[in-house]
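In mature numbering (1 follows the signal peptide of the UniProt record, and there is no 0), the protein residues as written are -26 to -1, 1 to 543.
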(Lines of atoms letter the chains of each structure in order from A and count residues from 1; the text may use other names and numbers.)
(Lines give C-alpha, C1' and ligand atoms only; values in the text may rest on other atoms or scores of the structure.)
Protein backbone atom coordinates (compact mmCIF):
# COMPACT_ATOMS: atom_id res chain seq x y z
CA UNK A 1 0.00 0.00 0.00
CA UNK A 2 1.30 3.40 -0.95
CA UNK A 3 0.17 5.75 1.79
CA UNK A 4 1.48 9.13 2.72
CA UNK A 5 3.53 8.36 5.79
CA UNK A 6 2.88 11.87 7.01
CA UNK A 7 -0.66 10.79 7.92
CA UNK A 8 0.83 8.46 10.54
CA UNK A 9 3.10 11.19 11.87
CA UNK A 10 0.29 13.72 12.16
CA UNK A 11 -2.08 11.21 13.74
CA UNK A 12 0.52 10.11 16.28
CA UNK A 13 1.45 13.68 17.21
CA UNK A 14 -2.22 14.52 17.56
CA UNK A 15 -2.71 11.78 20.13
CA UNK A 16 0.49 12.73 21.93
CA UNK A 17 -0.10 16.44 22.30
CA UNK A 18 -3.86 16.78 22.56
CA UNK A 19 -5.18 13.44 23.74
CA UNK A 20 -2.05 12.26 25.46
CA UNK A 21 -0.81 8.70 25.27
CA UNK A 22 -1.94 6.53 28.12
CA UNK A 23 0.97 5.10 30.05
CA UNK A 24 1.30 1.43 29.25
CA UNK A 25 3.82 -1.22 30.16
CA UNK A 26 3.70 -2.89 26.78
CA UNK A 27 4.72 -2.24 23.21
CA UNK A 28 3.07 0.00 20.62
CA UNK A 29 1.78 -1.40 17.32
CA UNK A 30 0.64 0.31 14.12
CA UNK A 31 -1.90 -0.93 11.58
CA UNK A 32 -3.40 0.48 8.39
CA UNK A 33 -7.01 -0.48 7.63
CA UNK A 34 -8.28 0.44 4.17
CA UNK A 35 -12.06 0.31 3.79
CA UNK A 36 -12.95 -0.42 0.18
CA UNK A 37 -15.45 -2.25 -1.99
CA UNK A 38 -14.23 -5.67 -3.16
CA UNK A 39 -15.90 -8.31 -5.34
CA UNK A 40 -16.55 -11.70 -3.74
CA UNK A 41 -18.27 -14.78 -5.14
CA UNK A 42 -20.42 -16.82 -2.80
CA UNK A 43 -23.48 -19.06 -3.34
CA UNK A 44 -23.04 -19.02 -7.14
CA UNK A 45 -23.15 -15.24 -7.52
CA UNK A 46 -20.73 -12.32 -7.33
CA UNK A 47 -21.31 -9.07 -5.49
CA UNK A 48 -19.34 -6.10 -4.20
CA UNK A 49 -18.95 -5.89 -0.43
CA UNK A 50 -17.22 -3.46 1.91
CA UNK A 51 -13.98 -4.94 3.26
CA UNK A 52 -10.88 -4.00 5.19
CA UNK A 53 -7.74 -4.47 3.09
CA UNK A 54 -9.75 -6.50 0.57
CA UNK A 55 -10.20 -9.56 2.78
CA UNK A 56 -13.07 -11.39 4.52
CA UNK A 57 -12.59 -11.66 7.46
CA UNK A 58 -10.39 -8.61 7.77
CA UNK A 59 -6.83 -8.52 9.17
CA UNK A 60 -5.99 -9.83 12.63
CA UNK A 61 -4.61 -7.48 15.27
CA UNK A 62 -2.05 -9.28 17.43
CA UNK A 63 -0.70 -7.75 20.66
CA UNK A 64 0.41 -8.74 24.12
CA UNK A 65 -1.48 -7.91 27.27
CA UNK A 66 -0.94 -4.26 28.19
CA UNK A 67 0.11 -3.13 24.69
CA UNK A 68 -1.31 -0.23 22.68
CA UNK A 69 -2.28 -0.31 19.01
CA UNK A 70 -2.85 2.60 16.66
CA UNK A 71 -5.10 1.72 13.73
CA UNK A 72 -5.29 4.26 10.92
CA UNK A 73 -8.60 3.68 9.11
CA UNK A 74 -8.68 5.01 5.54
CA UNK A 75 -12.24 5.17 4.22
CA UNK A 76 -12.20 4.46 0.50
CA UNK A 77 -15.71 3.01 0.61
CA UNK A 78 -19.07 4.40 -0.45
CA UNK A 79 -20.33 5.79 2.86
CA UNK A 80 -19.13 6.93 6.25
CA UNK A 81 -18.73 4.43 9.07
CA UNK A 82 -16.89 3.66 12.30
CA UNK A 83 -14.94 0.74 13.82
CA UNK A 84 -15.45 -0.71 17.32
CA UNK A 85 -12.89 -2.75 19.27
CA UNK A 86 -15.27 -5.19 20.89
CA UNK A 87 -14.38 -6.05 24.48
CA UNK A 88 -11.44 -3.64 24.79
CA UNK A 89 -12.16 -1.49 27.85
CA UNK A 90 -10.41 1.59 26.42
CA UNK A 91 -9.60 3.01 29.84
CA UNK A 92 -10.49 6.73 29.96
CA UNK A 93 -10.48 6.73 26.16
CA UNK A 94 -14.05 6.55 24.82
CA UNK A 95 -12.89 8.66 21.85
CA UNK A 96 -11.61 5.48 20.20
CA UNK A 97 -14.47 3.15 21.19
CA UNK A 98 -16.26 3.59 17.88
CA UNK A 99 -20.09 3.29 17.92
CA UNK A 100 -21.51 5.74 15.40
CA UNK A 101 -22.97 8.95 16.89
CA UNK A 102 -22.42 7.57 20.40
CA UNK A 103 -18.69 8.27 20.76
CA UNK A 104 -17.88 9.64 17.30
CA UNK A 105 -19.42 10.59 13.99
CA UNK A 106 -18.67 8.42 10.96
CA UNK A 107 -15.38 8.67 9.10
CA UNK A 108 -16.26 10.50 5.86
CA UNK A 109 -15.45 8.91 2.52
CA UNK A 110 -12.02 9.96 1.31
CA UNK A 111 -10.65 10.67 4.79
CA UNK A 112 -8.93 8.72 7.53
CA UNK A 113 -9.08 8.53 11.32
CA UNK A 114 -6.63 6.91 13.72
CA UNK A 115 -7.94 4.88 16.64
CA UNK A 116 -5.83 4.38 19.76
CA UNK A 117 -6.62 0.97 21.24
CA UNK A 118 -5.45 0.68 24.83
CA UNK A 119 -5.22 -2.89 26.09
CA UNK A 120 -5.21 -3.36 29.86
CA UNK A 121 -6.42 -6.51 31.66
CA UNK A 122 -7.74 -8.32 28.58
CA UNK A 123 -5.96 -11.56 27.67
CA UNK A 124 -7.20 -14.00 25.06
CA UNK A 125 -9.44 -13.35 22.07
CA UNK A 126 -11.55 -10.30 21.19
CA UNK A 127 -12.58 -8.85 17.85
CA UNK A 128 -13.18 -5.66 15.93
CA UNK A 129 -16.09 -4.75 13.69
CA UNK A 130 -17.81 -1.85 11.97
CA UNK A 131 -20.35 -0.12 14.20
CA UNK A 132 -22.52 1.74 11.69
CA UNK A 133 -25.91 0.29 10.72
CA UNK A 134 -25.33 -3.24 9.35
CA UNK A 135 -21.88 -2.67 7.87
CA UNK A 136 -20.34 -5.13 10.35
CA UNK A 137 -21.73 -7.98 8.19
CA UNK A 138 -18.52 -7.83 6.14
CA UNK A 139 -16.26 -5.53 8.16
CA UNK A 140 -14.82 -7.58 11.03
CA UNK A 141 -11.72 -9.39 12.22
CA UNK A 142 -9.95 -10.96 15.18
CA UNK A 143 -7.96 -9.42 18.00
CA UNK A 144 -5.46 -11.80 19.60
CA UNK A 145 -4.06 -10.72 22.98
CA UNK A 146 -1.15 -12.91 24.00
CA UNK A 147 0.11 -13.14 27.59
CA UNK A 148 2.37 -10.29 28.67
CA UNK A 149 6.14 -10.70 28.48
CA UNK A 150 7.54 -13.11 31.08
CA UNK A 151 4.11 -14.63 31.73
CA UNK A 152 2.32 -17.59 30.18
CA UNK A 153 -1.03 -19.27 29.85
CA UNK A 154 -2.67 -20.88 32.91
CA UNK A 155 -2.44 -24.19 31.02
CA UNK A 156 0.26 -25.97 29.04
CA UNK A 157 1.42 -23.81 26.15
CA UNK A 158 -0.37 -25.06 23.02
CA UNK A 159 1.61 -26.27 20.03
CA UNK A 160 -0.13 -23.87 17.65
CA UNK A 161 -3.18 -21.62 17.31
CA UNK A 162 -6.12 -21.23 14.94
CA UNK A 163 -8.94 -18.68 14.64
CA UNK A 164 -12.45 -19.44 13.40
CA UNK A 165 -14.86 -16.54 12.89
CA UNK A 166 -18.53 -17.32 12.41
CA UNK A 167 -20.25 -14.86 10.09
CA UNK A 168 -23.31 -14.18 7.93
CA UNK A 169 -23.59 -13.86 4.16
CA UNK A 170 -26.36 -11.95 2.43
CA UNK A 171 -26.94 -12.10 -1.32
CA UNK A 172 -28.49 -8.63 -1.12
CA UNK A 173 -26.88 -5.36 -0.05
CA UNK A 174 -26.93 -5.36 3.76
CA UNK A 175 -27.34 -1.61 4.07
CA UNK A 176 -30.31 -1.69 1.68
CA UNK A 177 -31.81 -4.62 3.59
CA UNK A 178 -31.92 -2.84 6.94
CA UNK A 179 -32.86 0.52 5.39
CA UNK A 180 -35.85 -1.06 3.65
CA UNK A 181 -36.93 -2.90 6.81
CA UNK A 182 -36.80 0.27 8.91
CA UNK A 183 -38.66 2.24 6.24
CA UNK A 184 -41.47 -0.31 5.91
CA UNK A 185 -41.60 -1.38 9.56
CA UNK A 186 -41.18 -5.07 8.81
CA UNK A 187 -38.53 -7.63 9.62
CA UNK A 188 -35.27 -7.49 7.65
CA UNK A 189 -34.41 -10.35 5.32
CA UNK A 190 -32.56 -13.21 6.97
CA UNK A 191 -29.06 -14.11 5.79
CA UNK A 192 -28.62 -16.54 2.90
CA UNK A 193 -25.77 -18.44 4.55
CA UNK A 194 -23.65 -18.70 7.63
CA UNK A 195 -19.90 -18.78 7.20
CA UNK A 196 -16.69 -19.94 8.85
CA UNK A 197 -13.79 -17.63 8.03
CA UNK A 198 -15.85 -16.16 5.20
CA UNK A 199 -16.78 -19.50 3.55
CA UNK A 200 -20.24 -21.13 3.73
CA UNK A 201 -18.94 -24.70 3.47
CA UNK A 202 -19.85 -27.93 1.70
CA UNK A 203 -23.59 -27.89 2.37
CA UNK A 204 -24.26 -24.69 0.41
CA UNK A 205 -24.46 -24.31 -3.37
CA UNK A 206 -21.21 -23.60 -5.24
CA UNK A 207 -19.24 -23.72 -1.99
CA UNK A 208 -17.54 -27.09 -1.56
CA UNK A 209 -14.40 -26.09 -3.46
CA UNK A 210 -13.75 -23.19 -1.07
CA UNK A 211 -14.66 -24.77 2.28
CA UNK A 212 -12.24 -23.57 4.95
CA UNK A 213 -9.70 -26.21 6.02
CA UNK A 214 -7.79 -26.28 9.27
CA UNK A 215 -4.62 -28.39 8.93
CA UNK A 216 -3.39 -30.18 12.08
CA UNK A 217 -0.67 -32.60 13.08
CA UNK A 218 -1.54 -35.76 14.98
CA UNK A 219 -0.75 -35.53 18.69
CA UNK A 220 -0.55 -31.73 18.88
CA UNK A 221 -2.78 -29.52 21.02
CA UNK A 222 -4.14 -26.33 19.48
CA UNK A 223 -5.57 -23.16 20.95
CA UNK A 224 -8.70 -22.57 18.87
CA UNK A 225 -10.08 -19.03 19.03
CA UNK A 226 -13.79 -18.86 18.11
CA UNK A 227 -15.58 -15.56 17.44
CA UNK A 228 -19.31 -15.17 16.78
CA UNK A 229 -19.61 -12.30 14.28
CA UNK A 230 -23.02 -13.54 13.05
CA UNK A 231 -25.60 -10.80 12.60
CA UNK A 232 -28.77 -12.26 14.12
CA UNK A 233 -28.32 -15.77 15.48
CA UNK A 234 -26.63 -17.43 18.41
CA UNK A 235 -24.68 -20.51 17.40
CA UNK A 236 -23.88 -24.07 18.37
CA UNK A 237 -20.48 -25.37 17.20
CA UNK A 238 -18.80 -28.78 17.37
CA UNK A 239 -15.99 -30.80 15.76
CA UNK A 240 -16.69 -34.41 14.81
CA UNK A 241 -15.07 -36.94 17.17
CA UNK A 242 -13.11 -34.24 19.05
CA UNK A 243 -13.77 -32.84 22.50
CA UNK A 244 -13.53 -29.11 23.11
CA UNK A 245 -11.95 -27.77 26.29
CA UNK A 246 -13.06 -24.16 26.76
CA UNK A 247 -10.47 -22.18 28.75
CA UNK A 248 -11.44 -18.54 28.20
CA UNK A 249 -14.41 -16.40 27.25
CA UNK A 250 -14.36 -12.75 26.21
CA UNK A 251 -10.59 -12.50 26.89
CA UNK A 252 -10.78 -13.74 30.50
CA UNK A 253 -9.79 -17.20 31.70
CA UNK A 254 -12.37 -19.63 33.02
CA UNK A 255 -12.24 -22.98 34.76
CA UNK A 256 -11.74 -25.49 31.93
CA UNK A 257 -14.94 -27.00 30.51
CA UNK A 258 -14.66 -30.16 28.42
CA UNK A 259 -17.68 -30.44 26.17
CA UNK A 260 -18.76 -31.91 22.82
CA UNK A 261 -20.23 -28.54 21.71
CA UNK A 262 -20.36 -24.86 22.59
CA UNK A 263 -23.13 -22.26 22.41
CA UNK A 264 -21.78 -18.83 21.55
CA UNK A 265 -23.78 -15.62 21.14
CA UNK A 266 -23.10 -12.81 18.66
CA UNK A 267 -20.33 -10.71 20.18
CA UNK A 268 -18.83 -13.47 22.31
CA UNK A 269 -15.41 -15.06 21.91
CA UNK A 270 -14.09 -18.35 23.30
CA UNK A 271 -10.63 -19.88 23.58
CA UNK A 272 -10.71 -23.67 23.25
CA UNK A 273 -8.06 -26.36 23.52
CA UNK A 274 -8.37 -29.06 20.86
CA UNK A 275 -6.06 -32.07 20.77
CA UNK A 276 -5.61 -33.79 17.41
CA UNK A 277 -5.86 -37.30 18.87
CA UNK A 278 -8.10 -39.09 16.36
CA UNK A 279 -7.02 -41.34 13.47
CA UNK A 280 -5.59 -39.02 10.80
CA UNK A 281 -8.41 -38.16 8.42
CA UNK A 282 -10.90 -35.38 7.68
CA UNK A 283 -13.49 -34.27 10.25
CA UNK A 284 -16.27 -31.74 9.86
CA UNK A 285 -16.41 -28.62 11.97
CA UNK A 286 -20.07 -27.55 11.94
CA UNK A 287 -22.16 -24.70 13.30
CA UNK A 288 -25.94 -24.28 13.42
CA UNK A 289 -28.24 -21.61 14.80
CA UNK A 290 -29.66 -21.58 18.31
CA UNK A 291 -32.96 -19.71 18.12
CA UNK A 292 -35.56 -20.49 20.78
CA UNK A 293 -38.16 -17.91 19.73
CA UNK A 294 -40.79 -18.06 17.02
CA UNK A 295 -38.86 -15.77 14.69
CA UNK A 296 -37.40 -16.02 11.20
CA UNK A 297 -33.79 -17.14 11.14
CA UNK A 298 -31.23 -18.76 8.88
CA UNK A 299 -31.49 -22.51 9.48
CA UNK A 300 -28.52 -23.69 7.43
CA UNK A 301 -25.38 -25.46 8.62
CA UNK A 302 -22.01 -23.91 7.92
CA UNK A 303 -19.01 -26.21 7.83
CA UNK A 304 -15.24 -26.26 7.76
CA UNK A 305 -12.94 -29.28 7.74
CA UNK A 306 -10.34 -30.27 10.30
CA UNK A 307 -7.76 -32.04 8.13
CA UNK A 308 -4.83 -34.04 9.50
CA UNK A 309 -1.48 -33.69 7.75
CA UNK A 310 0.17 -36.89 6.54
CA UNK A 311 -0.34 -39.75 4.12
CA UNK A 312 -3.68 -41.53 4.33
CA UNK A 313 -6.60 -42.31 2.11
CA UNK A 314 -9.16 -39.53 1.84
CA UNK A 315 -12.30 -40.82 3.57
CA UNK A 316 -15.32 -41.60 1.41
CA UNK A 317 -17.51 -40.12 4.15
CA UNK A 318 -16.34 -37.31 6.40
CA UNK A 319 -17.56 -37.71 10.01
CA UNK A 320 -20.10 -35.07 11.04
CA UNK A 321 -20.61 -33.81 14.61
CA UNK A 322 -23.87 -34.12 16.50
CA UNK A 323 -25.38 -30.71 17.30
CA UNK A 324 -28.42 -29.80 19.40
CA UNK A 325 -31.69 -28.84 17.70
CA UNK A 326 -32.06 -25.15 16.87
CA UNK A 327 -34.53 -24.57 19.72
CA UNK A 328 -32.87 -26.75 22.36
CA UNK A 329 -32.65 -24.20 25.18
CA UNK A 330 -31.75 -26.99 27.61
CA UNK A 331 -28.61 -27.76 25.62
CA UNK A 332 -27.73 -24.06 25.52
CA UNK A 333 -28.26 -23.66 29.27
CA UNK A 334 -26.34 -26.86 30.06
CA UNK A 335 -23.32 -25.31 28.41
CA UNK A 336 -23.58 -21.72 29.65
CA UNK A 337 -24.26 -22.62 33.29
CA UNK A 338 -20.86 -24.35 33.47
CA UNK A 339 -18.92 -21.15 32.77
CA UNK A 340 -17.06 -19.91 35.86
CA UNK A 341 -14.08 -17.60 36.23
CA UNK A 342 -10.68 -19.20 36.76
CA UNK A 343 -10.28 -16.91 39.80
CA UNK A 344 -6.69 -17.99 40.48
CA UNK A 345 -3.83 -16.17 42.18
CA UNK A 346 -2.39 -15.15 38.82
CA UNK A 347 -5.81 -14.32 37.37
CA UNK A 348 -7.87 -12.94 40.26
CA UNK A 349 -11.33 -11.46 40.08
CA UNK A 350 -12.96 -8.75 42.20
CA UNK A 351 -16.73 -8.99 42.32
CA UNK A 352 -18.32 -5.83 43.79
CA UNK A 353 -20.27 -6.64 46.95
CA UNK A 354 -21.38 -3.12 47.83
CA UNK A 355 -23.94 -2.00 45.27
CA UNK A 356 -24.93 1.66 45.14
CA UNK A 357 -26.57 1.76 41.71
CA UNK A 358 -29.19 -0.83 40.75
CA UNK A 359 -31.00 -1.02 37.43
CA UNK A 360 -33.81 -3.41 36.56
CA UNK A 361 -34.22 -3.36 32.78
CA UNK A 362 -37.08 -5.00 30.89
CA UNK A 363 -35.91 -6.16 27.45
CA UNK A 364 -38.76 -6.19 24.94
CA UNK A 365 -39.86 -6.31 21.32
CA UNK A 366 -42.53 -3.63 20.75
CA UNK A 367 -44.52 -1.88 18.02
CA UNK A 368 -44.58 1.64 16.67
CA UNK A 369 -48.00 2.82 15.54
CA UNK A 370 -48.25 3.59 11.85
CA UNK A 371 -50.95 5.82 10.37
CA UNK A 372 -53.70 3.83 8.61
CA UNK A 373 -51.96 0.58 9.59
CA UNK A 374 -49.63 1.19 6.67
CA UNK A 375 -46.51 -0.61 7.93
CA UNK A 376 -45.31 -4.18 7.34
CA UNK A 377 -45.08 -5.25 10.98
CA UNK A 378 -47.69 -6.81 13.28
CA UNK A 379 -51.17 -5.19 13.15
CA UNK A 380 -50.02 -2.94 10.32
CA UNK A 381 -47.56 -1.26 12.68
CA UNK A 382 -43.76 -1.08 12.63
CA UNK A 383 -41.60 -3.39 14.73
CA UNK A 384 -39.58 -1.65 17.44
CA UNK A 385 -37.66 -2.72 20.53
CA UNK A 386 -36.98 -1.18 23.90
CA UNK A 387 -35.17 -1.23 27.23
CA UNK A 388 -37.53 -0.20 30.04
CA UNK A 389 -40.08 0.82 27.41
CA UNK A 390 -37.66 3.37 25.88
CA UNK A 391 -36.86 2.71 22.22
CA UNK A 392 -33.46 4.31 21.68
CA UNK A 393 -33.08 6.90 18.95
CA UNK A 394 -29.52 7.45 17.80
CA UNK A 395 -28.81 11.21 17.57
CA UNK A 396 -27.36 12.92 14.53
CA UNK A 397 -24.23 14.00 16.41
CA UNK A 398 -21.93 12.27 18.89
CA UNK A 399 -23.21 11.92 22.46
CA UNK A 400 -19.62 11.87 23.74
CA UNK A 401 -18.73 15.11 22.00
CA UNK A 402 -21.91 16.76 23.24
CA UNK A 403 -21.24 15.55 26.81
CA UNK A 404 -17.57 16.53 26.83
CA UNK A 405 -18.30 19.93 25.33
CA UNK A 406 -21.21 20.60 27.68
CA UNK A 407 -23.63 21.24 24.82
CA UNK A 408 -26.21 18.52 25.41
CA UNK A 409 -29.41 20.40 24.58
CA UNK A 410 -31.41 18.43 22.07
CA UNK A 411 -28.86 15.61 21.90
CA UNK A 412 -29.93 13.46 24.84
CA UNK A 413 -31.69 13.54 28.19
CA UNK A 414 -30.53 11.91 31.42
CA UNK A 415 -33.81 10.30 32.48
CA UNK A 416 -33.38 6.68 31.45
CA UNK A 417 -35.55 4.87 34.06
CA UNK A 418 -34.00 2.62 36.71
CA UNK A 419 -37.03 0.31 36.62
CA UNK A 420 -39.72 -0.49 34.06
CA UNK A 421 -42.48 2.16 34.00
CA UNK A 422 -45.07 -0.61 34.32
CA UNK A 423 -44.75 -3.82 36.33
CA UNK A 424 -46.58 -6.89 35.05
CA UNK A 425 -46.01 -10.60 34.65
CA UNK A 426 -43.07 -10.02 32.31
CA UNK A 427 -42.68 -13.64 31.24
CA UNK A 428 -46.32 -14.66 31.44
CA UNK A 429 -49.58 -13.33 30.03
CA UNK A 430 -48.83 -9.85 28.71
CA UNK A 431 -51.93 -9.28 26.59
CA UNK A 432 -53.15 -6.37 28.72
CA UNK A 433 -49.86 -4.51 28.67
CA UNK A 434 -48.77 -1.80 26.31
CA UNK A 435 -47.07 -2.75 23.08
CA UNK A 436 -46.00 0.81 22.44
CA UNK A 437 -42.78 2.30 23.81
CA UNK A 438 -41.65 5.87 24.21
CA UNK A 439 -38.97 7.01 21.78
CA UNK A 440 -35.95 9.07 22.70
CA UNK A 441 -32.23 9.34 23.42
CA UNK A 442 -32.23 8.77 27.15
CA UNK A 443 -29.02 7.95 29.01
CA UNK A 444 -28.22 6.92 32.59
CA UNK A 445 -25.61 8.93 34.53
CA UNK A 446 -23.44 6.97 36.97
CA UNK A 447 -20.93 8.37 39.46
CA UNK A 448 -17.35 7.21 39.19
CA UNK A 449 -16.47 4.32 41.49
CA UNK A 450 -20.02 3.13 42.17
CA UNK A 451 -20.79 -0.56 42.44
CA UNK A 452 -23.39 -1.25 39.75
CA UNK A 453 -25.85 -4.10 39.38
CA UNK A 454 -28.04 -4.47 36.29
CA UNK A 455 -30.74 -7.10 36.07
CA UNK A 456 -31.93 -7.71 32.51
CA UNK A 457 -35.47 -9.06 32.50
CA UNK A 458 -36.68 -10.91 29.43
CA UNK A 459 -40.31 -10.33 28.47
CA UNK A 460 -43.03 -12.15 26.58
CA UNK A 461 -44.28 -9.18 24.55
CA UNK A 462 -44.81 -10.07 20.86
CA UNK A 463 -42.11 -12.74 20.98
CA UNK A 464 -39.72 -13.91 23.67
CA UNK A 465 -36.22 -15.08 22.80
CA UNK A 466 -32.63 -14.99 24.01
CA UNK A 467 -30.99 -11.55 23.95
CA UNK A 468 -27.17 -11.20 23.83
CA UNK A 469 -26.57 -7.94 25.72
CA UNK A 470 -23.23 -6.16 25.32
CA UNK A 471 -21.78 -3.26 27.32
CA UNK A 472 -18.94 -1.15 25.93
CA UNK A 473 -16.11 0.07 28.16
CA UNK A 474 -16.30 -2.71 30.75
CA UNK A 475 -15.97 -6.35 31.49
CA UNK A 476 -18.61 -7.30 34.02
CA UNK A 477 -19.43 -10.29 36.18
CA UNK A 478 -22.41 -12.46 35.29
CA UNK A 479 -23.50 -13.21 38.86
CA UNK A 480 -26.81 -14.91 38.18
CA UNK A 481 -29.41 -16.11 35.70
CA UNK A 482 -32.82 -17.63 36.15
CA UNK A 483 -36.13 -18.43 34.53
CA UNK A 484 -39.32 -16.45 34.99
CA UNK A 485 -39.50 -13.06 36.66
CA UNK A 486 -36.64 -11.78 38.80
CA UNK A 487 -37.57 -11.68 42.50
CA UNK A 488 -35.61 -9.02 44.39
CA UNK A 489 -35.81 -11.05 47.61
CA UNK A 490 -35.16 -14.63 46.56
CA UNK A 491 -33.25 -14.35 43.26
CA UNK A 492 -30.11 -12.72 44.74
CA UNK A 493 -29.74 -15.70 47.09
CA UNK A 494 -28.83 -17.75 44.01
CA UNK A 495 -26.01 -15.41 42.90
CA UNK A 496 -22.52 -16.73 42.35
CA UNK A 497 -20.27 -14.13 44.00
CA UNK A 498 -17.28 -16.47 44.29
CA UNK A 499 -16.24 -17.20 40.70
CA UNK A 500 -18.70 -15.63 38.24
CA UNK A 501 -17.35 -15.27 34.69
CA UNK A 502 -15.95 -11.87 33.71
CA UNK A 503 -17.37 -11.14 30.27
CA UNK A 504 -18.57 -8.34 27.99
CA UNK A 505 -21.55 -10.03 26.32
CA UNK A 506 -24.17 -12.27 27.95
CA UNK A 507 -27.23 -14.21 26.83
CA UNK A 508 -30.36 -13.09 28.66
CA UNK A 509 -32.39 -16.31 28.63
CA UNK A 510 -35.79 -16.53 26.96
CA UNK A 511 -38.50 -15.79 29.55
CA UNK A 512 -35.81 -15.32 32.16
CA UNK A 513 -33.34 -12.87 33.68
CA UNK A 514 -29.63 -12.24 33.99
CA UNK A 515 -27.81 -10.16 36.62
CA UNK A 516 -24.44 -8.49 36.11
CA UNK A 517 -22.16 -6.46 38.39
CA UNK A 518 -19.24 -4.14 37.79
CA UNK A 519 -17.46 -1.14 39.31
CA UNK A 520 -17.95 2.08 37.33
CA UNK A 521 -14.23 2.83 37.19
CA UNK A 522 -14.01 3.87 33.54
CA UNK A 523 -15.22 7.43 32.97
CA UNK A 524 -16.83 8.01 29.61
CA UNK A 525 -19.81 7.44 27.36
CA UNK A 526 -20.54 3.73 26.90
CA UNK A 527 -23.09 2.09 24.62
CA UNK A 528 -25.18 -0.85 25.90
CA UNK A 529 -27.21 -2.85 23.40
CA UNK A 530 -28.49 -6.17 22.17
CA UNK A 531 -26.00 -7.77 19.78
CA UNK A 532 -28.73 -9.19 17.54
CA UNK A 533 -28.44 -6.49 14.89
CA UNK A 534 -32.14 -6.32 14.09
CA UNK A 535 -32.96 -5.70 17.77
CA UNK A 536 -30.35 -2.97 18.08
CA UNK A 537 -31.64 -1.35 14.88
CA UNK A 538 -35.15 -1.39 16.37
CA UNK A 539 -34.02 0.46 19.53
CA UNK A 540 -32.90 -2.16 22.08
CA UNK A 541 -30.09 0.13 23.24
CA UNK A 542 -29.14 2.77 25.77
CA UNK A 543 -26.06 4.65 26.96
CA UNK A 544 -24.34 4.71 30.35
CA UNK A 545 -22.31 7.84 31.10
CA UNK A 546 -19.79 7.41 33.91
CA UNK A 547 -18.87 10.78 35.39
CA UNK A 548 -15.28 11.77 36.10
CA UNK A 549 -13.73 10.99 39.43
CA UNK A 550 -11.67 13.38 41.53
CA UNK A 551 -8.22 12.64 40.10
CA UNK A 552 -6.55 12.87 36.71
CA UNK A 553 -6.41 9.07 36.57
CA UNK A 554 -10.20 8.91 36.98
CA UNK A 555 -10.98 11.55 34.35
CA UNK A 556 -11.75 11.17 30.66
CA UNK A 557 -8.71 11.97 28.56
CA UNK A 558 -8.96 14.92 26.23
CA UNK A 559 -10.01 14.29 22.64
CA UNK A 560 -7.42 13.65 19.93
CA UNK A 561 -6.40 16.46 17.61
CA UNK A 562 -8.86 15.31 14.98
CA UNK A 563 -12.28 13.68 15.28
CA UNK A 564 -14.47 12.94 12.26
CA UNK A 565 -16.83 15.91 11.80
CA UNK A 566 -20.50 15.70 12.70
CA UNK A 567 -22.52 17.08 9.80
CA UNK A 568 -25.35 18.30 12.04
CA UNK A 569 -23.25 19.62 14.91
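All C-beta atoms, glycine included, are put in the ideal place defined by N, C-alpha and C. Bear in mind that the values here come from a model prediction, so they are computed numbers and not experimental data.
Around the beta carbon of residue 367, fewer than 16 other beta carbons sit within 10 angstroms, so the residue counts as exposed. Straight across, the Cα-Cα distance linking residue 145 with residue 85 is about 29 Å.
Non-local C-beta neighbours of residue 204 in its own chain, meaning closer than 7 Å and more than five positions away in sequence, comprise 140, 141, 142, 168, 240, ordered along the chain. For residue 91, the uninterrupted beta strand (DSSP E) run begins and ends at 86 to 92, by DSSP. Using a 10 angstroms sphere on the CB of residue 527, the tally of other CB atoms stays under 16, which defines it as exposed. Counting only runs of at least 4 residues, the region 360 to 432 fully encloses the following alpha helix (DSSP H) elements, listed from N- to C-terminal order: 373 to 379. Contact between the region 217 to 230 and the region 241 to 248 is present: 3 or more CB-CB pairs across the two stretches fall below 8 Å.
Between residue 373 and residue 409 the beta-carbon gap is near 28 Å, outside 8 Å, which marks them as no contact. In this structure, residue 361 lies near residue 338, with their beta-carbon atoms less than 9 Å apart. Contact between the region 409 to 419 and the region 327 to 341 is present, with at least three C-beta pairs closer than 8 Å. Annotation: the continuous beta strand (DSSP E) that includes residue 195 extends over 195 to 202. The region 437 to 445 makes contact with the region 497 to 504; the number of CB pairs closer than 8 Å reaches 3 or more. Counted as a single uninterrupted DSSP element, the stretch harbouring residue 303 is not any beta strand (DSSP E) but the alpha helix (DSSP H) occupying residues 303 to 310. At least 9 Å separates the beta-carbon of residue 276 from that of residue 162. Counting along the chain, residue 257 sits inside the beta strand (DSSP E) bounded by residues 256 to 264. Just so you know, the alpha carbons of residue 227 and residue 38 end up roughly 15 Å apart. In this structure, DSSP gives residue 19 an extended state, which the three-state scheme calls strand. Secondary structure remark: continuous beta strand (DSSP E) runs of at least 3 residues inside the region 66 to 136, in chain order: 86 to 92, 98 to 104, 114 to 120. Per DSSP, reduced to three states, the secondary structure at residue 472 is coil, with no helix or strand assignment. Only exposed fits residue 192, as fewer than 16 other CB atoms lie within 10 angstroms of its CB. Cβ atoms of residue 54 and residue 76 stay farther apart than 8 Å, at about 14 Å. Under DSSP, the beta-bridge partners assigned to residue 504 are 443. The beta carbons of residue 22 and residue 12 sit closer together than 9 Å. Every beta strand (DSSP E) stretch that sits fully inside the region 24 to 58 and reaches 3 residues is listed by chain position as 35 to 38, 42 to 49.
By the criterion of a C-beta distance shorter than 6 Å, residue 450 is surrounded in its chain by 490, 492, once the five residues flanking it on both sides are discounted. Of 270, 160, 296, the smallest CA-CA separation from residue 233 is found for 296. Membership of residue 151 in the alpha helix (DSSP H) is indicated by the continuous run 148 to 158. For residue 222, the enclosing beta strand (DSSP E) begins and ends at 218 to 223. When secondary structure is reduced to three states using DSSP, residue 161 falls in the coil class, being assigned neither helix nor strand. In this structure, the beta-carbon distance from residue 136 to residue 196 falls below 9 Å. Taking C-beta atoms as the reference points, residue 534 and residue 69 count as a pair closer than 9 Å. Shown here, residue 230 sits in a strand according to DSSP, grouped into three states. Annotated three-state conformation of residue 239 is coil, per DSSP.
Between residue 101 and residue 57, the C-beta gap is not smaller than 9 Å, which leaves the two residues out of contact.
Where residue 192 is concerned, there is no enclosing beta strand (DSSP E), because DSSP gives it neither an H nor an E. Within the same chain, Cβ atoms closer than 7 Å to the Cβ of residue 398 are found at 404, 407, the five residues on either side in sequence being excluded.
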